[in-house]
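Visitor: This is the structure I have questions about; it appears just below.
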Amino acid sequence: MIGLLLALALLQASPSDARTEADRLFALGQQLVAEGDTTGAVAAWEGAVATGWTSAAAEHNLGTVALARGDVPQARLHLERAARLDPLDAAIAQNLRLARERAGERPPSSAQRAFAAVVGVLTPLGLVALALAVAFGALGLGIAGRRRWAAGLGVLAVAAVSVATLAVMEVARPLAVVLVDEAPVVETPSPSAPGVARLRAGETVEAGEAVDGWRPVTVGRAEGWVRADAVARI
C-alpha cells in the first residue's frame, strides 16, 4: 500500500520538484526506520531513488537493510552503487566488503586494496583535470626553460594522470550484479541456445546494453547473453 501511494506521488511530481520530493521521501524513510517500520522506510528510499536522485546515503541505507535481511544480491547492488557515489566513506566500504564476502567473492589482495584506495582518491574528475593541468604546465616549463624541477614534476604528474585514467576506467566499467541464482549464460539471445556458463546470485559481471530482453555479458574469457531481468547494472 505504501509503495502504491509513493508511486502515485511520483507520477504527479514534475521534474522541477523531483529533488524536493526525493528529499522528502528520504527524510520519511529515516523517520520510518526510527519508528521501526523498515518496510515502509525501504519503500520511501526506493521512491527517492526512483525520482532520478543519485544519493550514496539512500543507496547505502537500502544496501544495509538488504544485508541485514540476507538478500545478498540487492545488498551488493545498492552498496556497489553507494561506493561509486562516495568511494571514501568508511561505513559504505565496510558493508560492501561484507556483501562481497557473502556473495562468495575472495578477499582482495594487498595490490587490489591499494588500487581500490587509489581509485577512491582519484575518481573525481576534478582531480584528473588538475593533474592534467599540472602535467602539461610543468612539461611546458621544462621544455621552454630547461628547468629540471619542472620536468621532474611533469613526469610525476604524467604518472598521476595515468593512474587517474585507470581509476576512471575502473569506475566506468559496465558492471552488473546478478540477481538470481544459477542464471544461465547462453551463446545467443535465445532460451534454446547452448549454455556458456552459469552465474551465481550476488556476483558481478560486465554487462552491455539490453537488447530485446537480453544483455551481453563477459564471464572471464567467455562471452554470452543472459536474461536482462537476471542482472541489474551498477
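The numbers in this note's numbering rise by one with no breaks, and the one at position 56 of the sequence shown is 51.
For each residue, glycine too, the CB sits at the ideal point set by N, CA and C.
As the structure is a prediction and not an experimental result, all values here were calculated from the model.
For the pair the segment 189 to 205 and the segment 213 to 220, tell me if three or more CB-CB distances fall below 8 angstroms.
Guide: Enough Cβ pairs lie closer than 8 angstroms, so yes.
Visitor: Have a look at Asp32 and Arg71 and give me their C-alpha separation to the nearest angstrom.
Guide: C-alpha separation (whole angstroms): 22 angstroms.
Visitor: Quick one: residues in its chain with C-beta nearer than 7 angstroms to the C-beta of Asp207, no 5 flanking neighbours on either side, listed in chain order?
Guide: Cβ within range, chain order: Pro184.
Visitor: Gly58 and Asn90 look like a contact to me (Cβ under 8 angstroms); what is the Cβ gap, rounded to whole Å?
Guide: Indeed they touch by this definition, with Cβ atoms about 6 angstroms apart.
Visitor: Run through the DSSP bridge pairs and tell me what Ala192 is partnered with.
Guide: DSSP lists Val180 as partners of Ala192.
Visitor: Tell me whether the beta-carbon of Val226 lies closer than 8 angstroms to the beta-carbon of Val181.
Guide: For Val226 and Val181, no; Cβs fall outside 8 angstroms.
Visitor: To the nearest whole angstrom, what separates the beta carbons of Ala53 and Ala43, a pair I think is in contact under 8 angstroms?
Guide: Confirmed, about 5 angstroms.
Visitor: If you draw a straight line from the alpha carbon of Gln25 to that of Trp48, how long is it in whole angstroms?
Guide: Roughly 16 angstroms separates the two Cα atoms.
Visitor: Leu170 lies in the beta strand (DSSP E); which residues open and close that run?
Guide: Counting along the chain, the beta strand (DSSP E) containing Leu170 begins and ends at Leu170 to Val173.
Visitor: Taking 7 angstroms as the limit between beta carbons, can you name the residues of its chain near Ala196, skipping five residues before and five after?
Guide: Val67, Pro68, Val173, Leu174, Val175 and Asp176.
Visitor: Leaving aside the five residues before and after Pro179 along the sequence, list all residues of the same chain whose C-beta is less than 6 angstroms from its C-beta, in chain order.
Guide: The answer, listed in chain order, is Gly190 and Arg193.
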